[in-house]
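Working notes, beginning with the structure itself.
Numbering (the working numbering), first residue to last: 46 to 176.
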């Protein structure tokens, strides 16, 4: 088995900078844009698929009834696969928790990725690289 080298102090500083950058991103935005990646935990029975379809229809019809203060920016279904990608504007990640927990109970795993437009990210990258 190959040994993993210890994290150098320079590497540790970079990790801390990444964490500080993520924290500043999360706390300086008034609204948060997130990407949700939905995948089933395994094969789903037809009843679970029907329930998931009804939930999807409800979310598309009235997103803020599912995620208070939330708005769907875009939603896509992978063709030929059971995989969905949704982009939401939400007041906070916490607003998504009941929705994500409900999906988890129905057999759907959701990965949450904080995101922002490249236009917003460029000045932050420039500030970070100028240090």
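Beta carbons: idealized from backbone N, C-alpha and C, even for Gly. From a predicted model like this one, the values you see are computed outputs, not experimental measurements.
Where residue i falls: helix, strand or coil (DSSP)
i           : result
residue 172 : helix
residue 151 : coil
residue 143 : helix
residue 89  : coil
residue 104 : helix
residue 165 : helix
residue 124 : coil
residue 55  : Note that residue 55 has pLDDT 46, beneath the 50 cutoff, so the model's placement of it is unreliable and no number is given.
residue 138 : helix
For residue j and residue i, believed in contact at Cβ under 8 Å, the rounded distance
i           : j           : result
residue 86  : residue 152 : 5 Å
residue 138 : residue 114 : Residue 138 to residue 114, Cβ: 12 Å. No contact.
Bridge partners - residue i, DSSP secondary structure assignment
i           : result
residue 119 : 132
residue 160 : 78
residue 84  : 154
Checklist entry - Between the region 151-171 and the region 108-119, do at least 3 Cβ pairs fall closer than 8 Å? => result no
Next on the checklist: Whether or not the region 82-93 and the region 124-139 are in contact is what I'm after, with contact meaning three or more pairs of Cβ atoms, one per stretch, closer than 8 Å; do they touch?
Outcome noted: yes
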